[in-house]
Each structure stands twice: as structure tokens, then as C-alpha cells.
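Going from the sequence shown to this note's numbering is simple: count from 1 and add 2.
Idealized CB from N, CA, C, for every residue including glycine.
From a predicted model like this one, the values you see are computed outputs, not experimental measurements.
Let me begin by presenting the structure, written as C-alpha cells, before commenting on it.
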Amino acid sequence: MVALGPAQAGFSSVIRIVLLKGRHYDPTDLFLHRGDTITLVNGDDNAVHHAFIEADRFAFDAGDQEPGKQATLTLKEPGDFIIQCGIHPKMKLTLHVQ
Ligand SMILES: [Cu+2]
């Protein structure tokens, strides 16, 4: 079980945890500030996920994530970005970075 509690307020950048489970992201939308980091955790027991972003300004590829594996991404660009899954095309997480 991964805690999804409210982010701690402060001057340092925020780390948010995203669960990849049951073929969807949890949550499916995240509102972030530049410099925030998200940690993607594969919370499934036997499914592999492959999170990636294809954006104009940058690309991100977590590679194949086995169950229990984590990947991190620090958002340096403002804008809306969609994290997809290379294995489950319906999985989408929208990042709103300001
Ligand atoms: Cu997936």
C-alpha cells in the first residue's frame, strides 16, 4: 500500500507518488510545479508497465517496469504532458505543470 496523502507544503520541491495498477494510473491527473518530482510505482502483482512521455520539449521513457519497480521523473518544463504506457495504450496520466 502506497500513501497518497497530501503533499507537504514547503519551499523544497514536492515528490508525488503515482501508482500503475489495474491498467490505469492513480491518480489520472496531477497538478505540479516546475521542479517537482513524481515517482511511478508499478503496484501490480504480475503486469509489466512502460511509462513514457512524447512531448515537443522533452521525452521521458521509464523502460519496462516489473511489479514493484519504481521510476522517477522531475518536471522541468511548464505545460500539460501525458504519460502513456507502451504496453497498455489506454493508460494515461495527465501532468499539469506550472
Ligand atoms: Cu501499463
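The shortest CA-to-CA distance from residue 75 to any of 28, 53, 87 and 66 is the one to 53. Close to ligand 1, as judged by a C-beta nearer than 5 Å to any of its heavy atoms, are the residues 51, 87, 89, 90 and 93, in chain order. Scanning its chain for C-beta atoms nearer than 8 Å, with the 5 sequence neighbours on each side dropped, one finds around residue 62 the residues 53, 54, 55, 75 and 85, in chain order. The bridge partners DSSP lists for residue 83 are 97. Between residue 19 and residue 58, the alpha-carbon positions lie close to 24 Å from each other.
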